[in-house]
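Step one of this worksheet: look at the structure below.
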Amino acid sequence: MKKKLALLLVMVMVLAFTPVASADQHVDAETATVSITLSTSENAFGETEMWEASLYEGAVAGEETSGRFTDWKTVEDGSVSFDLPMEVREDDEAPWGAELDTYVRVRTVGEDGYPDFDLVSTPFTLNEGADIDVSIGLNTEINMVEDQEDGEAVVAVSLYTGSDGFGETDEWEASLYEGAVTGEETSGRFTDWKVAEEGVVEFVIPEEVREDNEAPWNVEMDTYLRVRSIDDDAYPLFDMVSAPFTLGDGMNYSVNISLVSVAMVVEDVPELEIPVVPEEPTDPDASIEVMMWINQTDYTINDEPGTADVAPFIQDGRTMVPISFVARAMNLDSDWGPRGAAAEWVSFEGNNMRIELEIGSTEIAVWENGVERTETSDVAAQIVDGRTVLPLRAVGEILGADFNWGPKDAATEWVSFTYTPTAVIEEPLQDEEEASIDWITATPDYEENSLTIAGAVTGDVDMVSIGVGALRWVDERDYEDDARGHQGFDIPVEEDGSFSITLVEGGSWPGGDNWHGLRSGTHQVRAAILDDEGEIVSFVDSEEFTVE
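When the letters of the sequence shown are read in order and numbered with mature numbering (1 follows the signal peptide of the UniProt record, and there is no 0), they come out as residues -23 to -1, 1 to 525.
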């Protein structure tokens, strides 16, 4: 019997499509600007800088249709902008006011960059006098662990799509190639196309290699993963090819693709206020009630039915559930590892804390308002059939959930819990003019694998927010280069206005493929004072430092 997917190979694709009604409306009510930005992070599945975009009244990934009403425009300085109607093609018209009839299509340019992709967004309404901002981010990662018999490999692919922005679809298929091109069939495909079943496609190599083909065993950087949508009526429409990787003899691969999006309207900037650490929920109606049935994939969240990828099961008296379900049910941000490290881990962020579990360990690391502690579970997080599962009660109670079970001696067992996200108490601490960051330093110690952050503020400030790397935790809209800060936290400010903290590998800063959870490369630290909307009142960035 083959061993199942001990490797966590993560391909995370975050596509955020954000139509924004600009606070600065055009004087000419018959004009609009559509701006498109794309950010990719350098990693095993590739990085691309050359791409182009166009606007359509009806669009299909990989195909040219008669509905395109702008020319293709190549990226300049990281973005593409269309001024309408000035850039509408001759003999065409912009679909002003046509409800949900404008599409954005984005595709790579050239044949040497990866990932190679062709994407079509869900339709939106193009209104006169309103600017639209479209922001797309592709972030991908790959990790490898040798845990398979010689001459065998398993490649499993799962896809999750959100319900906003670029849309939602569960109709897709995947294949493996020795050389692949988006939108084209090549002779290098060595597996059949496989349609996703319950959100997963799995290839067992060499059993599923096509007749008269061979798998490119151990041929360096010569295996490609291609994934494409197959439902023309669901969005996003996509056709994507990963950067090449080496198909290792004796390897397990588990590919998780997350295609999620956000849509919001930007209103006038509110008065600046600084958040206080929340203490208790403000709205009992915001509680989340979840019901699950043991060994069944059905569940309900606030009486809305759903289906999980993996059914909860009982192990050593504890209910084990997949991490994707926990994140979805409790509105948490989740992350996986390792990224080149020896230990695999999973983390959650929400309710003003970060929780991290190492696969195979019963210890649970908790960071709450910048303070670290360790909790213990009876059962360790583990990988089952390519899915990471963890003890539900141990994680849920740390987050403040209340549980109920029953009946354990009946034919159908169930578990339910109620979880209330903590609300922010709006209480201004200082005015914008009175609060500022004066300076900040970031000093790495390569021998001790530590990073010391220090700085000072002016004004009546109790807490400073810190982000490292891409600094996304502080302000994701300002940072697109390597758009992934692994963690953020708050540092208390002393009476003299100073603040400092030392992050130690395996201590204050968990996970990652290098010390402090940062990828190899150049990084910065940002210290900021935030208002209750997450807007920056004042910030200072440290000088750059390098992680080898």
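Glycine included, every Cβ here is placed at the ideal spot set by N, Cα and C.
message: Buried or exposed for Asp48, going by 16 or more other Cβ atoms inside 10 Å?
response: Reading the sequence shown from its first residue, position 71 is the one you call residue 48. Exposed is the call here.
Looking at the structure shown, is Arg187 part of a helix, part of a strand, or coil, going by DSSP? Taking the sequence shown and counting its residues from 1, the one referred to as residue 187 is at position 210. If DSSP states are grouped into helix, strand and coil, Arg187 belongs with coil.
Extent of the continuous alpha helix (DSSP H) run through Met307
Reading the sequence shown from its first residue, position 330 is the one you call residue 307. It spans Ile300 to Met307 - the alpha helix (DSSP H) in which Met307 sits, taken as one unbroken run.
_Excluding the 5 residues flanking Thr223 on each side, which residues of the same chain have their C-beta closer than 8 Å to its C-beta?_
To locate residue 223, count along the sequence shown from 1; it is residue 246. Cβ within range, chain order: Asn195, Val196, Glu197, Met198, Asp199 and Thr200.
For the segment 268 to 286 against the segment 329 to 345, do three or more pairs of beta-carbon atoms, one drawn from each stretch, fall closer than 8 Å, so that the two count as touching?
Pairwise C-beta distances place the segment 268 to 286 out of contact with the segment 329 to 345, as fewer than three of them are shorter than 8 Å.
What does the alpha-carbon distance come out to for the pair Asp54 and Trp28? Numbered from 1 along the sequence shown, position 77 holds the residue referred to as residue 54. Numbered from 1 along the sequence shown, position 51 holds the residue referred to as residue 28. Asp54 and Trp28: Cα-Cα distance of roughly 11 Å.
| message | Quick test of your reading: Val392 and Thr365, contact by CB under 8 Å. State the CB separation rounded to the nearest angstrom. | response | Your numbering for residue 392 matches position 415 in the sequence shown. Your numbering for residue 365 matches position 388 in the sequence shown. Not a contact, Cβ separation roughly 19 Å.
Note to self: For Val434 and Val470, which I take to be in contact (beta-carbon distance under 8 Å), what is that distance rounded to the nearest angstrom?
What the structure shows: Translated into positions along the sequence shown, residue 434 becomes position 457. Translated into positions along the sequence shown, residue 470 becomes position 493. Contact flag correct, Cβ pair sits at about 6 Å.
Glu335 beta carbon less than 8 Å from that of Thr351 = Counting from one through the sequence shown, the residue named residue 351 turns up at place 374. Counting from one through the sequence shown, the residue named residue 335 turns up at place 358. No; because the gap between Cβ atoms is not below 8 Å, this pair is not in contact.
Classify Thr79 as buried or exposed, calling it buried when 16 or more other Cβ atoms lie within 10 Å of its own Cβ. Residue mapping note: residue 79 aligns to position 102 of the sequence shown, counting from 1. Result: buried.
Margin query: Let me confirm a value: Glu34 is counted as buried when at least 16 other C-beta atoms fall within 10 Å, else exposed. Which label applies?
Written below: As a working mapping, residue 34 is identified with position 57 in the sequence shown. Buried: at least 16 other Cβ atoms inside 10 Å.
Report task. Output the distance between the C-alpha atoms of Asp127 and Phe180, rounded to the nearest integer angstrom. Result -> Start at 1 with the first residue of the sequence shown, and residue 127 comes out as number 150. Start at 1 with the first residue of the sequence shown, and residue 180 comes out as number 203. Their Cα atoms are separated by approximately 16 Å.
Nearest CA to the CA of Asn190: which residue from Glu520, Leu153 and Gly432?
By one-based count along the sequence shown, residue 190 stands at place 213. Closest option to Asn190, Cα to Cα, is Leu153.
Practice task
Confirm, please, whether the CB-CB distance from Glu161 to Ile207 is below 8 Å.
Solution key: As a working note, residue 207 is residue 230 in the sequence shown. As a working note, residue 161 is residue 184 in the sequence shown. Taking C-beta atoms as the reference points, Ile207 and Glu161 fail to come closer than 8 Å.
Would Pro72 and Leu103 be called neighbours here (beta carbons separated by less than 8 Å)? Working through the sequence shown from its first residue, we reach residue 72 at position 95. Working through the sequence shown from its first residue, we reach residue 103 at position 126. Judged by their CB atoms, Pro72 and Leu103 are nearer to each other than the 8 Å cut-off.
To the nearest angstrom, how far is it from the Cα of Thr479 to the Cα of Ser301? Walking along the sequence shown from the start, residue 479 turns up at place 502. Walking along the sequence shown from the start, residue 301 turns up at place 324. Thr479 and Ser301: Cα-Cα distance of roughly 32 Å.
Q) Checking contacts by CB at 8 Å: is Gly160 closer than that to chain C? A) Considering every chain present, this structure includes no chain C. It has just one protein chain.
Going by DSSP in three states, Gly87 sits in which element: helix, strand or coil? Locating residue 87 in the sequence shown gives position 110, where the first residue counts as 1. Coil, per DSSP.
Shortest alpha-carbon distance to Gly283 belongs to which of Ile291, Leu77 and Met268? Numbered from its first residue, the sequence shown carries residue 283 at position 306. Nearest option by C-alpha distance: Met268.
Review point. What span of residues does the alpha helix (DSSP H) with Ala371 cover, start to end?
Key: Numbered from its first residue, the sequence shown carries residue 371 at position 394. Looking at the DSSP string, the run of the alpha helix (DSSP H) that includes Ala371 is Leu369 to Ile375.
What's the gap between the Cα of Gly432 and the Cα of Glu326? As a first step, residue 432 must be located in the sequence shown, where it is residue number 455. As a first step, residue 326 must be located in the sequence shown, where it is residue number 349. Rounded to the nearest angstrom, the two C-alpha atoms are 26 Å apart.
With DSSP as the reference, please indicate the residues paired to Met268 in a beta bridge. Stepping through the sequence shown from its first residue, residue 268 is reached at position 291. Paired residue(s): Thr277 and Ser393.
Residue range of the unbroken beta strand (DSSP E) whose run includes Phe516
Mapped onto the sequence shown, residue 516 falls at position 539. That run of the beta strand (DSSP E) goes Ile513 to Asp518.
Q: Can you give me the start and stop residues for the beta strand (DSSP E) that Thr435 sits inside?
A: On the sequence shown, position 458 is the one that residue 435 refers to. Thr435 -> beta strand (DSSP E) spans Ser427 to Thr435.
request  = Taking all protein chains shown into account, decide if Trp382 is buried (16 or more other Cβ within 10 angstroms of its Cβ) or exposed.
outcome  = On the sequence shown, residue 382 is found 405 positions in, with the first residue counted as 1. By the neighbour-count rule (16 or more Cβ atoms within 10 Å), Trp382 is not buried but exposed.
Q. What residues in its chain sit with their C-beta under 6 Å from that of Ala358, if we drop five residues either side in the sequence?
A. Residue numbering aside, residue 358 sits at position 381 when the sequence shown is read from its first letter. Within the same chain, Ala358 has close Cβ partners Leu334, Ile336 and Leu367.
Query - C-alpha gap between Ser519 and Asp95, whole angstroms - result: In the sequence shown, counting from the first residue as 1, residue 519 sits at position 542. In the sequence shown, counting from the first residue as 1, residue 95 sits at position 118. Distance between the alpha carbons of Ser519 and Asp95: 37 Å.
**Prompt:** For Ala71, does the three-state DSSP call read helix, strand or coil?
**Reply:** For the purposes of this step, residue 71 is taken as the residue at position 94 of the sequence shown. DSSP places Ala71 in coil when its eight states are reduced to three.
Margin query: Whole angstroms are fine: how far does the CA of Thr277 sit from the CA of Ser264?
Written below: The sequence position of residue 264 within the sequence shown is 287, counting from 1. The sequence position of residue 277 within the sequence shown is 300, counting from 1. Rounded to whole angstroms, Ser264 to Thr277 spans 14 Å at the Cα level.
- [ ] From the DSSP output, in three-state form, read off Trp382 for me.
- [x] By 1-based counting over the sequence shown, the position of residue 382 is 405. Looking at Trp382 - three-state DSSP - the assignment turns out to be strand.
task: Look at the Cβ atom of Glu150, then the Cβ atom of Val131, and state whether they are nearer than 8 Å.
output: Residue numbering aside, residue 150 sits at position 173 when the sequence shown is read from its first letter. Residue numbering aside, residue 131 sits at position 154 when the sequence shown is read from its first letter. No. Outside cutoff.
Taking the alpha carbon of Ala220 as the point to measure from, which residue in Met228, Leu202, Arg84 and Ala211 has its own alpha carbon closest?
Here residue 220 corresponds to residue number 243 of the sequence shown, with the count starting at 1. Nearest of Met228, Leu202, Arg84 and Ala211 to Ala220, Cα basis: Leu202.
*asked:* Between which two residues does the beta strand (DSSP E) holding Arg45 run?
replied: The sequence position of residue 45 within the sequence shown is 68, counting from 1. Neither: Arg45 is in no beta strand (DSSP E) and is coded neither H nor E.
Of all the options Thr10, Val186, Arg82 and Glu184, which has the alpha carbon lying nearest to the alpha carbon of Glu105? Translated into the one-based positions of the sequence shown, residue 105 becomes position 128. When only C-alpha atoms are compared, the closest one is Thr10.
Margin query: Given this structure, state the Cα-to-Cα distance separating Pro193 from Ser477, to the nearest angstrom.
Written below: On the sequence shown, residue 193 is found 216 positions in, with the first residue counted as 1. On the sequence shown, residue 477 is found 500 positions in, with the first residue counted as 1. Approximately 52 Å, taken between the alpha carbons.
query = Taking the C-alpha atoms as reference points, what is the distance between Asp209 and Met307?
reply = Here residue 209 corresponds to residue number 232 of the sequence shown, with the count starting at 1. Here residue 307 corresponds to residue number 330 of the sequence shown, with the count starting at 1. So the alpha carbons of these two residues sit roughly 32 Å apart.
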